[in-house]
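In this note's numbering, the protein residues as written are 56 to 581. We treat Cβ as the ideally placed atom computed from N, Cα and C, and that holds for glycine. Just so it is clear, the structure is predicted and the values come from calculations on it, not from any experiment. See structure below.
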């Protein structure tokens with residue numbers, strides 16, 4: 056901790072001595088994480104969507120408070136229980152000058168299963184059974200059963216050009232086409248200029264944008280995972296806008312008269328996830344011998360972990376005060392949030408008794424994995440310290456997201472940290488992705504790669520997915536959220552609070568609940 060503090064202080068001191076830069080007509084943004092690919096269909100991670108949404112429009116959009124609004128589709132309605140009709144915006148041009156039509160929407164939906172990688176984007180089109188083009192600006196989507204939340208899912212349906220992407224629509228070819236710019240041709244407000252993994256993403260405004268010309272001639276997005284370095288760049292005037300200011304640096308930014316800070320409650324919830332397979336790869340007894348049975352299959356062990364994780368300590372030390380306790384995997388504004396789920400209780404004595412009753416009076420050893428360039432630096436170590444109180448010896452393993460996500464998908468972890476946001480504003484998005492049994496045939500459980508399966512949970516999720524009556528659907532989702540709270544396949548830790556810093560004389564910024572930091576929400580000071 057002291058070394059981190061010293062490092063931060065040195066960086067800030069260096070930053071304050073550096074000259075100001077960045078031209079007024081340009082916008083330089085520093086973010087904690089960058090994209091894994093410029094193909095918007097490659098992965099559903101927020102970092103990827105945040106970067107690509109400036110180049111590619113989605114069919115619908117979520118407002119800054121996650122309400123569904125028109126974008127490339129101007130109107131939508133359910134024709135019957137299994138058919139949705141979308142009216143498309145006319146006069147929209149791709150960056151190469153070609154017209155946007157229903158062909159591009161159809162192509163984009165059909166392309167996703169062929170190119171998606173880790174954290175698959177198939178979650179957004181899982182209900183689609185057929186596509187009918189009525190005319191160039193009307194498209195009908197047939198669904199596999201009733202699909203009341205299809206418009207919510209389509210806020211993450213990025214539309215690519217069927218012409219530009221035609222030769223880059225397999226897993227083997229998509230990176231070549233989209234990372235080089237050959238296929239990176241969207242209808243969004245900014246055109247792709249250049250990008251390479253971990254390097255700057257450079258964009259330029261699209262004068263033919265249907266939504267009006269943007270104020271920034273050029274946008275440069277810098278990927279700076281280190282919080283202190285990102286803050287230092289802002290203090291030095293080398294960037295105009297940064298996201299995810301840690302609480303320890305808020306005062307430095309707020310007290311600088313040249314800067315200002317905007318805070319906003321987030322939709323993101325960091326959580327602890329358990330492996331549910333009979334044998335698990337990273338749990339050992341106290342002699343160092345691998346256990347023969349997965350302890351996390353015992354609900355008493357999961358409850359013990361829940362009781363041992365003091366949320367207030369986690370928020371104070373790991374999140375540096377930038378959060379509030381979470382009772383479930385969705386935030387209060389999300390459809391299906393259950394107000395009757397109580398706040399987590401901190402009770403080490405009861406946790407120790409549960410561990411003893413489960414046959415682990417002296418605990419065990421386990422590796423806790425997480426993406427160290429996505430999660431707060433101190434979250435893993437804080438959880439390790441709290442679990443030590445019930446004799447669980449935790450080895451913290453932080454690795455880059457490019458390593459963590461594929462390893463998680465391969466099932467290499469027993470216990471890991473992740474973060475999730477209900478980006479569609481509807482609980483079934485989260486429940487179907489994380490809690491339903493992994494079932495590719497039903498396109499359910501796309502992110503459930505650890506073997507969790509509960510027939511009752513599946514029944515509730517599937518019933519809610521088919522229920523067109525909002526009152527009945529809400530009740531089903533509330534019951535499913537309660538089941539997560541009582542069975543504890545995941546342990547929600549907190550609801551994040553996010554902070555952005557910016558040059559006070561240059562930018563005003565509209566914060567988003569999904570934490571996306573995009574040029575479209577940055578406005579020049581008048």
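Identified DSSP bridge partners for residue 131: Position 76 of the chain shown, counted from the start, is the residue given in the question as residue 131. Answer by DSSP bridge pairing, in chain order: 141.
Distance between residue 198 and residue 436 (C-alpha atoms, nearest Å): Working through the chain shown from its first residue, we reach residue 436 at position 381. Working through the chain shown from its first residue, we reach residue 198 at position 143. Cα to Cα, residue 436 sits roughly 45 Å from residue 198.
Residue(s) in a DSSP beta bridge with residue 426: By one-based count along the chain shown, residue 426 stands at place 371. Beta-bridge pairing links residue 426 to 454.
Inter-residue spacing [alpha-carbon to alpha-carbon] between residue 453 and residue 423: Counted from its first residue, the chain shown places residue 453 at position 398. Counted from its first residue, the chain shown places residue 423 at position 368. Whole-angstrom Cα-Cα distance: 8 Å.
Secondary structure, alpha helix (DSSP H): runs of 4+ residues fully inside the region 335-414: Segments of the alpha helix (DSSP H) lying fully in the region 335-414: 354-363 and 403-412.
Residues of its chain near residue 133, where Cβ-Cβ distance is below 6 Å and the 5 sequence neighbours each way are ignored: Along the chain shown, read from residue 1 onward, the residue named residue 133 stands at position 78. These residues qualify, in order along the chain: 139.
beta-carbon residue 263 near the ligand NAP non-hydrogen atom, thresh 7 Å: With respect to the ligand NAP, the structure shown offers nothing to examine, as it has no ligands at all.
Touching by the beta-carbon criterion (3+ pairs, under 8 Å), the region 83-97 and the region 246-257: Touching, per the Cβ criterion.
Length of the line joining the Cα atoms of residue 471 and residue 327: Position 416 of the chain shown, counting from 1, holds the residue named residue 471. Position 272 of the chain shown, counting from 1, holds the residue named residue 327. So the two alpha carbons sit approximately 6 Å from each other.
Length of the line joining the Cα atoms of residue 339 and residue 419: Counting from 1 along the chain shown, the entry for residue 339 is found at position 284. Counting from 1 along the chain shown, the entry for residue 419 is found at position 364. Here the alpha carbons of residue 419 and residue 339 stand approximately 6 Å from one another.
Helix, strand or coil at residue 257 according to DSSP, with G and I counted as helix: On the chain shown, position 202 is the one that residue 257 refers to. In this structure, DSSP gives residue 257 an extended state, which the three-state scheme calls strand.
Member of 83, 573, 89 and 550 whose CA lies at the smallest distance from the CA of residue 321: Start at 1 with the first residue of the chain shown, and residue 321 comes out as number 266. Looking at the Cα atoms, 550 is the closest of the given residues.
Alpha-carbon to alpha-carbon, residue 87 and residue 281: Within the chain shown, residue 281 is the residue found at index 226, counting from 1. Within the chain shown, residue 87 is the residue found at index 32, counting from 1. So the two alpha carbons sit approximately 7 Å from each other.
Residue 501 to residue 482 span [Cα, whole Å]: Sequence index remark: in the chain shown, residue 501 carries index 446 (1-based). Sequence index remark: in the chain shown, residue 482 carries index 427 (1-based). Their backbone Cα atoms lie some 15 Å apart in a straight line.
Residue environment, residue 558, which counts as buried when at least 16 other CB atoms sit within 10 Å: Within the chain shown, numbered from 1, the residue matching residue 558 stands at position 503. Classification for residue 558: buried.
Residue 284 versus residue 145: straight-line alpha-carbon distance, rounded: Numbered from 1 along the chain shown, position 229 holds the residue referred to as residue 284. Numbered from 1 along the chain shown, position 90 holds the residue referred to as residue 145. If I take the Cα positions, the gap works out to 44 Å.
Given 8 Å, three or more beta-carbon pairs between the region 489-496 and the region 450-465: These segments do not touch.
Sequence-distant residues of the same chain with beta carbon closer than 6 Å to residue 298, five excluded per side: To locate residue 298, count along the chain shown from 1; it is residue 243. For residue 298, where only same-chain residues beyond five positions count, the Cβ hits under 6 Å are 86, 555 and 572.
Contact belief for residue 243 with residue 141 at Cβ below 8 Å, rounded distance in angstroms: As a position in the chain shown, residue 243 is number 188, starting the count at 1. As a position in the chain shown, residue 141 is number 86, starting the count at 1. Contact annotation, residue 243 with residue 141: C-beta distance approximately 18 Å; criterion of less than 8 Å not satisfied.
Three or more C-beta pairs below 8 Å linking the region 205-222 and the region 161-171: They touch, by the three-pair rule.
Cα-Cα separation, residue 351 to residue 357: In the chain shown, the residue the question calls residue 351 occupies position 296. In the chain shown, the residue the question calls residue 357 occupies position 302. Near 6 Å, if we compare the C-alpha coordinates of residue 357 and residue 351.
Range covered by the beta strand (DSSP E) that runs through residue 550: For the purposes of this step, residue 550 is identified with residue 495 of the chain shown, where counting begins at 1. Residues 550-558.
For residue 300 and residue 316, believed in contact at Cβ under 8 Å, the rounded distance: By 1-based counting over the chain shown, the position of residue 316 is 261. By 1-based counting over the chain shown, the position of residue 300 is 245. Taking the Cβ atoms as the reference, residue 316 lies roughly 7 Å from residue 300, within the contact range of under 8 Å.
Burial state of residue 307, where buried means 16 or more other Cβ atoms lie within 10 Å: Numbered from 1 along the chain shown, position 252 holds the residue referred to as residue 307. Around the Cβ of residue 307, a 10 Å sphere holds 16 or more other Cβ atoms; the residue is buried.
Alpha-carbon spacing of residue 180 relative to residue 382, whole angstroms: As a first step, residue 180 must be located in the chain shown, where it is residue number 125. As a first step, residue 382 must be located in the chain shown, where it is residue number 327. Residue 180 and residue 382 have their alpha carbons spaced roughly 29 Å apart.
Sub-8 Å separation of residue 531 and residue 518 beta-carbons: The residue you call residue 531 lines up with position 476 of the chain shown. The residue you call residue 518 lines up with position 463 of the chain shown. Their beta carbons are under 8 Å apart, which means residue 531 touches residue 518 by this criterion.
Buried or exposed (CB count within 10 angstroms, at least 16 for buried), residue 113: Within the chain shown, numbered from 1, the residue matching residue 113 stands at position 58. Per the 10 Å Cβ criterion, buried.
Cβ-Cβ separation, residue 536 to residue 396 (assumed contact under 8 Å), whole Å: Locating residue 396 in the chain shown gives position 341, where the first residue counts as 1. Locating residue 536 in the chain shown gives position 481, where the first residue counts as 1. Taking 8 Å as the upper bound for CB-CB distance, residue 396 and residue 536 are in contact here, some 7 Å apart.
CA nearest to the CA of residue 135, picked from 564, 512, 503 and 205: As a working note, residue 135 is residue 80 in the chain shown. Per the Cα distances, 205.
Residues sharing a beta bridge with residue 319, DSSP: Start at 1 with the first residue of the chain shown, and residue 319 comes out as number 264. In DSSP, residue 319 forms a bridge with 553.
Residues near residue 511 by beta carbon distance below 8 Å, same chain, minus five either side: The residue given as residue 511 occupies position 456 in the chain shown. Within the same chain, and ignoring the five residues on either side of residue 511 in sequence, the residues whose Cβ sits closer than 8 Å to its Cβ are 538.
Closest by C-alpha distance to residue 177, when choosing among 484, 576, 126 and 469: Walking along the chain shown from the start, residue 177 turns up at place 122. With distances taken between Cα atoms, residue 177 lies closest to 484.
Residue closest to residue 304, alpha-carbon to alpha-carbon, out of 319, 291, 337 and 286: Working through the chain shown from its first residue, we reach residue 304 at position 249. Selected option, being the one with the closest Cα: 286.
Inter-residue Cα distance where the pair is residue 158 and residue 344: Translated into the one-based positions of the chain shown, residue 158 becomes position 103. Translated into the one-based positions of the chain shown, residue 344 becomes position 289. Their Cα atoms are separated by approximately 57 Å.
Among 553, 262 and 324, the one whose alpha carbon lies nearest that of residue 241: For the purposes of this step, residue 241 is taken as residue 186 along the chain shown, with counting starting at 1. In terms of CA proximity to residue 241, 262 leads the group 553, 262 and 324.
Option nearest residue 154 by Cα separation, candidates 264, 251 and 237: By 1-based counting over the chain shown, the position of residue 154 is 99. It is 264 whose Cα lies nearest to the Cα of residue 154.
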